[in-house]
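The block underneath contains the structure these notes are about, expressed in structure tokens.
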Amino acid sequence: MSRQPEDEFRDVIDELRRSAPEPPPVHWGAYRAELREKLERRRGRTWAAWTWRPQPIQAVIAAGFVAVLVYIGLPGDSSMPSDPVLMENAVLASRLDVIDHLEMVQKLDVLEDFDVIRNLDKLPGRGEG
Amino acid sequence: MDTNEPSDEDLCRRVAARDESAFDLLVVRYQERAYRIAWSVVRDREEAKDCSQEAFIRLHESAGSFAGQAKFSTWFYRILVNCCLDQARKRKGWRKLIGWGVKDEERGSAQTVEQVGAPFTDPTDAMVREGRMSRLWEAVEELSPQQRAAVLLQCREELSTKEIAEVLHLSEATVRVHLHRAYSALRRLVGEGGAREEP
Numbered sequence: 001m002s003r004q005p006e007d008e009f010r011d012v013i014d015e016l017r018r019s020a021p022e023p024p025p026v027h028w029g030a031y032r033a034e035l036r037e038k039l040e041r042r043r044g045r046t047w048a049a050w051t052w053r054p055q056p057i058q059a060v061i062a063a064g065f066v067a068v069l070v071y072i073g074l075p076g077d078s079s080m081p082s083d084p085v086l087m088e089n090a091v092l093a094s095r096l097d098v099i100d101h102l103e104m105v106q107k108l109d110v111l112e113d114f115d116v117i118r119n120l121d122k123l124p125g126r127g128e129g
Numbered sequence: 130m131d132t133n134e135p136s137d138e139d140l141c142r143r144v145a146a147r148d149e150s151a152f153d154l155l156v157v158r159y160q161e162r163a164y165r166i167a168w169s170v171v172r173d174r175e176e177a178k179d180c181s182q183e184a185f186i187r188l189h190e191s192a193g194s195f196a197g198q199a200k201f202s203t204w205f206y207r208i209l210v211n212c213c214l215d216q217a218r219k220r221k222g223w224r225k226l227i228g229w230g231v232k233d234e235e236r237g238s239a240q241t242v243e244q245v246g247a248p249f250t251d252p253t254d255a256m257v258r259e260g261r262m263s264r265l266w267e268a269v270e271e272l273s274p275q276q277r278a279a280v281l282l283q284c285r286e287e288l289s290t291k292e293i294a295e296v297l298h299l300s301e302a303t304v305r306v307h308l309h310r311a312y313s314a315l316r317r318l319v320g321e322g323g324a325r326e327e328p
């Protein structure tokens with residue numbers, strides 16, 4: 001087969017070239033605009049795929065960051081713990097200055113008793129009732 | 130082409146360096162050829178648009194891999210033909226590739242009108258000639274995908290045998306065999322058809 005097909009079949013090739021069907025027309029401006037849009041969309045998808053792809057290093061960094069945030073955000077010197085016992089201790093601690101004057105507080109209790117003693121005479125006797 | 134205008138190869142290198150204006154220029158240069166080749170393979174307007182646009186997108190993404198040893202057109206046609214074959218496999222399966230499946234002209238009158246060629250001066254000549262032409266191209270559609278691609282690239286895009294071999298990833302000898310068989314079959318068909326047409 002020394003001859004090239006294009007030489008041997010010149011008549012067929014010419015006929016094919018003459019009679020080749022043309023594709024439906026296209027508006028080239030719209031075609032390019034559509035292409036540009038597809039290209040942008042593809043770029044966006046590629047970027048999103050890259051950023052959302054689970055990567056071990058990124059995951060470790062993110063976990064560390066969250067841990068730091070949690071640590072910083074934890075109420076280290078909170079005055080109101082959630083445990084009721086701890087809360088009671090906290091209330092007591094806040095009144096330590098009152099407890100320092102315990103004697104006076106006890107005397108206040110005695111004053112309350114004085115009111116009762118003063119009115120003893122006015123109380124009805126057992127047999128009178 | 131004006132000698133001051135950058136070559137396709139230069140433009141491709143600029144695309145690799147993210148020069149968007151170079152990409153736009155390449156699109157303008159190749160859009161019609163790309164669409165025509167794609168339509169010749171998939172025979173559907175929208176699919177041909179999608180395929181050719183996909184080829185441009187792949188060109189944009191992989192311009193850096195263009196080594197510059199082959200012609201840009203050969204490299205780009207290879208991308209394009211691959212896109213068309215991928216598309217044909219994906220949407221229609223091998224039925225479309227072998228039998229061409231549903232074509233534009235079967236879909237509705239609007240597209241049929243778009244595809245009707247300009248009328249000839251002599252209506253009788255036109256009928257005979259049109260009959261032969263449609264048979265010839267119908268016969269092209271019945272060739273194997275590689276034979277058909279080789280015929281299209283030679284007849285419509287006027288590529289050399291060497292360039293067709295590069296586009297289709299075949300040896301030149303294989304391309305020559307494909308073309309020889311395809312043209313022999315077509316000549317036989319045209320001859321038989323012509324003989325039947327004669328009163």
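Residue numbers (my numbering), protein chains in the order written: chain A, 1 to 129; chain B, 130 to 328. Note that the Cβ used here is the ideal one computed from N, Cα and C, for glycine as well. Note that this is a predicted model, so its numbers are computed, not measured.
Is the separation between the beta-carbon of residue i and that of residue j shorter than 8 Å?
i: L281 of chain B; j: L315 of chain B; result: no
i: L209 of chain B; j: A184 of chain B; result: yes
i: C284 of chain B; j: R17 of chain A; result: yes
i: S181 of chain B; j: A163 of chain B; result: yes
i: A151 of chain B; j: F195 of chain B; result: no
i: R207 of chain B; j: V269 of chain B; result: no
i: T290 of chain B; j: Q4 of chain A; result: yes
Given a threshold of 16 other Cβ atoms within 10 Å of its Cβ, counted over all protein chains shown, does residue i qualify as buried or as exposed?
i: E15 of chain A; result: buried
i: I293 of chain B; result: buried
i: V85 of chain A; result: exposed
i: I72 of chain A; result: exposed
i: D137 of chain B; result: buried
i: E112 of chain A; result: exposed
i: D179 of chain B; result: buried
i: P56 of chain A; result: exposed
i: L188 of chain B; result: buried
i: L92 of chain A; result: exposed
i: Q160 of chain B; result: buried
i: R174 of chain B; result: buried
i: I13 of chain A; result: buried
i: Q276 of chain B; result: buried
i: A217 of chain B; result: buried
i: L102 of chain A; result: exposed
i: L108 of chain A; result: exposed
i: L288 of chain B; result: buried
i: F201 of chain B; result: buried
i: F65 of chain A; result: exposed
i: F205 of chain B; result: buried
i: V245 of chain B; result: For V245 of chain B, the predicted model reports a pLDDT of 33, less than 50, meaning its position is unreliable; a value from the coordinates is still stated below. That one is exposed.
Quick check on this structure: which residue in the options has the alpha carbon closest to the alpha carbon of residue i?
i: E95 of chain B; options: A:D11, A:P21, A:D7; result: Since the displayed chain B opens at 130 and closes at 328, residue 95 of chain B lies outside it and no answer follows.
i: E34 of chain A; options: B:R162, B:R165, B:F205, B:V156; result: B:V156
i: E8 of chain A; options: B:V319, B:L318, B:R305; result: B:R305
i: T203 of chain B; options: B:G320, B:N133, B:C141, B:V319; result: B:C141
i: P24 of chain A; options: B:Q198, B:A177, B:S300, B:R317; result: B:A177
i: L272 of chain B; options: B:L318, B:E301, B:S300; result: B:L318
i: A278 of chain B; options: B:E134, B:I166, B:E301, B:R158; result: B:I166
i: S263 of chain B; options: A:R10, A:S19, A:I13; result: A:S19
i: I186 of chain B; options: B:E286, B:K219, B:E149; result: B:E149
i: R147 of chain B; options: A:D97, A:G64, A:R43, A:A30; result: A:R43
Is the Cβ of residue i closer than 8 Å to any Cβ of chain D?
i: E40 of chain A; result: Absent from the structure: chain D. Protein chains present are A and B.
What do you reckon, is the C-beta of residue i under 7 Å from a heavy atom of the ligand GDP?
i: K291 of chain B; result: Absence of the ligand GDP from the depicted structure is noted, as is the absence of any ligand whatsoever, leaving it without description.
Is it true that the stretch 31-40 of chain A meets the stretch 300-314 of chain B, where meeting means three or more beta-carbon pairs spaced less than 8 Å apart? no
Below 8 Å, how does it come out for the stretch 161-173 of chain B and the stretch 207-222 of chain B: are there three or more Cβ pairs, yes or no? yes
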